[in-house]
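Counting from 1 along the sequence shown, just add 21 to a position and that's the residue number in our numbering.
Shown next, in structure tokens, is the structure this report addresses.
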Amino acid sequence: GVDGQALIALAYGVLLASALAWCLITYCNHRLSPSIVTAFWPMQVPFCVIFTFIFLPEAVVTIWSLLGGAMIAAGLGMVTYGSYAEEEQEKLRQKEERGASR
């Protein structure tokens, strides 16, 4: 079994990591649009695969996990680009409205 000291250390690490993650997400919610913050949630999986490969070299990285990570990154890129394009259109529309009101 696992001794009590190891369980306390594990619980502390998990709670600290969770608290840090929620603080960062809250901070990002104040700075970015909700769609961008939500789009970054799936990035946990590719980062887990990358860190597992780095810190646990015996872990097997399959073509499916790499393909899944690539699909998540592509989806994130599409959401980010869509948000950027939407902001640019809004800026252009506001600029045109200011020009027409003169």
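Cβ coordinates follow ideal geometry from the N, Cα and C atoms, glycine included.
The model shown is predicted, which means the values in this text are computed figures rather than measured ones.
Counted within 10 angstroms of its Cβ, other Cβ atoms place residue i as buried (16 or more) or exposed
i, result
"Gly90", "buried"
"Ala106", "exposed"
Chain-order list of residues whose beta-carbon lies under 6 Å from that of residue i (same chain, five-residue window excluded)
i, result
"Val58", "Cys49 and Asn50"
"Ala60", "Leu97 and Val100"
Where the alpha helix (DSSP H) containing residue i begins and where it ends
i, result
"Leu53", "Taken as a continuous stretch (DSSP letters only), Leu53 belongs to no alpha helix (DSSP H), as it is neither H nor E."
"Thr73", "Gln65 to Phe76"
"Thr101", "Ile84 to Ala121"
Cutoff 7 Å: residue i Cβ touching any chain D Cβ
i, result
"Gly120", "In the structure shown, chain D does not exist; there is a single protein chain."
Contact set for residue i: own chain, Cβ-Cβ below 7 Å, skip 5 residues either direction
i, result
"Leu45", "none"
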